[in-house]
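One structure is given here, and the rest of the page talks about it.
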Amino acid sequence: MLLSLKMSYKAAMGEDYKAGCPPGNPTAGSNSNPNAAKANEDFVDPWTVRTSSAKGIDYDKLIVQFGSSKIDKELINRIEKATGQRPHRFLRRGIFFSHRDMNQVLDAYENKKPFYLYTGRGPSSEAMHLGHLVPFIFTKWLQDVFNVPLVIQMSDDEKYLWKDLTLEQAYSYTVENAKDIIACGFDINKTFIFSDLEFMGQSPGFYKNVVKIQKHVTFNQVKGIFGFTDSDCIGKISFPAVQAAPSFSNSFPKIFRDRRDIQCLIPCAIDQDPYFRMTRDVAPRIGHPKPALLHSTFFPALQGAQTKMSASDPNSSIFLTDTAKQIKSKVNKHAFSGGRDTVEEHRQFGGNCEVDVSFMYLTFFLEDDDRLEQIRQVSNPALPPIHMSPTAQPGPVYC
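Counting the sequence shown from 1 gives a position; our numbering is that position plus 1.
Structural data, given as structure tokens:
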């Protein structure tokens, strides 16, 4: 049976099965340079996430590379004390692992000063997949525990510029994706979801901030940050200013009036950080506080943690519109397993949860820490137990 499965794997993937080594993904984003990183190094930008490690990106190295700060035990304890709520499982398990200026946000909150949340979605398909949910699940928790306003940018203009879409298609994806986002349960009285294509012409304050940002960022800067080339359309070059503008409170005069001093907190995957490094550099020069950020890890593709789940590859993704039957089929056919090379090795050593995609998904969605640890122990009885608690040092709970 095992030999038959290995032969089927080789026929499908063009390579022999090796335990702990998911199949490679040669596909790269349109703006990424395949020569930008060595084959054995991680590569992360807003369009491409790639690593040769079956365990996924080395996030400690990424913190050093991006110059952010690790979310440590002390910060988690402070969030718990400020909110009076148990830290979210994404904090307890190191899924949100990095930050910029979160302590400033907590200072403001503890001193009764306002702040607001900003996150977004680039709608490139009719349905969102599980990975897209991660920032929204966490943002919902942040809105609940801090009781603050939230703005959600639907960057349909971005997808029109980067993808082979009509304006009408891009906007229709915004409408469909907004339904998934609304279903997360945000406070309808404190949440504003907007389409760039629709909102830009309705808000002079928003567009004024876009123009200010554009004036203070040179082409050489965006070329260095985002890797733009001479063949890229000017829309791509100017778009980072559009993603930056919601970081400033007076972009939304109907919510914050003309106040310029309200700080913004942005929960997002760390591949979006280049946009906001640029924003933080510009902010003091145009009279605004720097936005704070909370960075998440990437949600792995079904084929393994070497790349993130992508809507452009249906076989790598579980969509929110998939039926239970479709999900089961995708997991059975495509989810990379932590099984060993032989039955004997598997019996002796157990499964490898560090590379098992199904277990990785449980770390994102299973709330019960004790149940998660029980599953981990069943998969690999030889492992020492991990005792999770709200004050535990955060980090992946993969085996």
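Positions of the beta carbon are idealized from the N, C-alpha and C atoms, including for glycine.
What is the DSSP secondary structure of THR322, counted as helix, strand or coil? As a working note, residue 322 is residue 321 in the sequence shown. Residue state, collapsed to three classes: coil.
Using CA coordinates, which residue listed in LEU373, LEU166, ASN190, GLU127 is at the minimum distance from ASN178? Numbered from its first residue, the sequence shown carries residue 178 at position 177. Nearest C-alpha to ASN178: GLU127.
Length-filtered (4 minimum) alpha helix (DSSP H) runs lying within the region 106 to 174: 131 to 147, 157 to 163
Please classify LEU168 as buried or exposed, where buried requires at least 16 other C-beta atoms within 10 Å of its C-beta. Within the sequence shown, numbered from 1, the residue matching residue 168 stands at position 167. Looking at its Cβ environment, which holds fewer than 16 other Cβ atoms inside 10 Å, LEU168 is exposed.
Check each candidate in CYS354, PRO88, PRO241, GLY202 and name the one with the smallest Cα separation from VAL283. Mapped onto the sequence shown, residue 283 falls at position 282. The shortest Cα separation from VAL283 among CYS354, PRO88, PRO241, GLY202 belongs to PRO241.
Taking the continuous beta strand (DSSP E) assigned at SER239, which residues delimit it? Counting from one through the sequence shown, the residue named residue 239 turns up at place 238. Segment 235 to 245 is the alpha helix (DSSP H) holding SER239; no beta strand (DSSP E) there.
Do PRO88 and GLN154 have their C-beta atoms within less than 8 Å of each other? The count along the sequence shown starts at 1 and reaches residue 88 at position 87. The count along the sequence shown starts at 1 and reaches residue 154 at position 153. Against a cut-off of 8 Å, the Cβ pair of GLN154 and PRO88 comes out as no contact.
Is DSSP giving PRO205 helix, strand or coil here? If you number the sequence shown from 1, residue 205 lands on position 204. Of the three classes helix, strand and coil, the one that applies to PRO205 here is helix, per DSSP.
Beta-carbon contacts of PRO254 that lie in its chain and below 6 Å, excluding the five residues immediately before and after: Locating residue 254 in the sequence shown gives position 253, where the first residue counts as 1. Closer than 6 Å at the Cβ level, and outside the excluded window around PRO254, lie GLY206.
How should GLN66 be labelled, buried or exposed, when 16 other C-beta atoms within 10 angstroms of its C-beta is the threshold for buried? Locating residue 66 in the sequence shown gives position 65, where the first residue counts as 1. Exposed, since its Cβ has fewer than 16 Cβ neighbours within 10 Å.
So is PHE147 buried or exposed if we call it buried at 16+ other beta carbons inside 10 Å? Start at 1 with the first residue of the sequence shown, and residue 147 comes out as number 146. PHE147 comes out buried.
In whole angstroms, give me the CA-to-CA distance for ILE287 and GLN215. Start at 1 with the first residue of the sequence shown, and residue 287 comes out as number 286. Start at 1 with the first residue of the sequence shown, and residue 215 comes out as number 214. Each residue's Cα considered, the two are about 11 Å apart.
Have a look at the DSSP bridge pairing and note the partners of ASP222. By 1-based counting over the sequence shown, the position of residue 222 is 221. Note on identity: in this sequence residue 222 is Gln, with Asp being the wrong assignment. Paired residues: none, contrary to the question.
In the DSSP assignment, what are the bridge partners of GLY305? Against the sequence shown, residue 305 aligns to sequence position 304. According to DSSP, GLY305 bridges with ALA302.
LEU367 - DSSP class collapsed to helix/strand/coil: Position 366 of the sequence shown, counted from the first residue, corresponds to residue 367. Coil at LEU367, not helix or strand.
C-beta contact flag for LEU151 and PHE187 at 8 Å: By 1-based counting over the sequence shown, the position of residue 151 is 150. By 1-based counting over the sequence shown, the position of residue 187 is 186. Yes, these two residues count as a Cβ contact at 8 Å.
Are there 16 or more other CB atoms within 10 angstroms of the CB of LYS141, so buried, or fewer, so exposed? In the sequence shown, residue 141 corresponds to position 140, counting from 1. Counting Cβ neighbours within 10 Å, LYS141 comes out buried, since at least 16 surround it.
Using the three-state DSSP reduction, which class does PRO254 fall into: helix, strand or coil? Mapped onto the sequence shown, residue 254 falls at position 253. PRO254 falls in the helix class under three-state DSSP.
Alpha carbon to alpha carbon, how far is PRO315 from SER330? As a working note, residue 315 is residue 314 in the sequence shown. As a working note, residue 330 is residue 329 in the sequence shown. Looking at the two C-alpha atoms, the distance is approximately 12 Å.
Excluding the 5 residues flanking PRO275 on each side, which residues of the same chain have their C-beta closer than 7 Å to its C-beta? Residue mapping note: residue 275 aligns to position 274 of the sequence shown, counting from 1. Same-chain partners within the cutoff: ASP46, PRO47, ILE226, PHE227.
Taking only three categories from DSSP, how would you classify ARG278? Translated into the one-based positions of the sequence shown, residue 278 becomes position 277. Of the three classes helix, strand and coil, the one that applies to ARG278 here is helix, per DSSP.
Go ahead and label ASP259 buried or exposed: buried means 16 or more other beta carbons lie within 10 angstroms of its beta carbon, across all protein chains shown. To locate residue 259, count along the sequence shown from 1; it is residue 258. Exposed.
Specify the secondary structure class of THR192 as computed by DSSP and reduced to three states. Along the sequence shown, one-based indexing puts residue 192 at 191. THR192: strand per DSSP, three-state reduction.
Over what stretch of residues does the beta strand (DSSP E) that includes PHE249 continue unbroken? The residue you call residue 249 lines up with position 248 of the sequence shown. PHE249 -> no beta strand (DSSP E), and no H or E assigned at all.
When the Cα atoms are used, what is the spatial distance from ILE182 to PHE139? By one-based count along the sequence shown, residue 182 stands at place 181. By one-based count along the sequence shown, residue 139 stands at place 138. Each residue's Cα considered, the two are about 12 Å apart.
Apart from the five residues on each side of it in sequence, which residues of its chain come closer than 6 Å, Cβ to Cβ, to PHE409? Any property of residue 409 remains undetermined from this structure, which presents the chain solely from 2 to 400.
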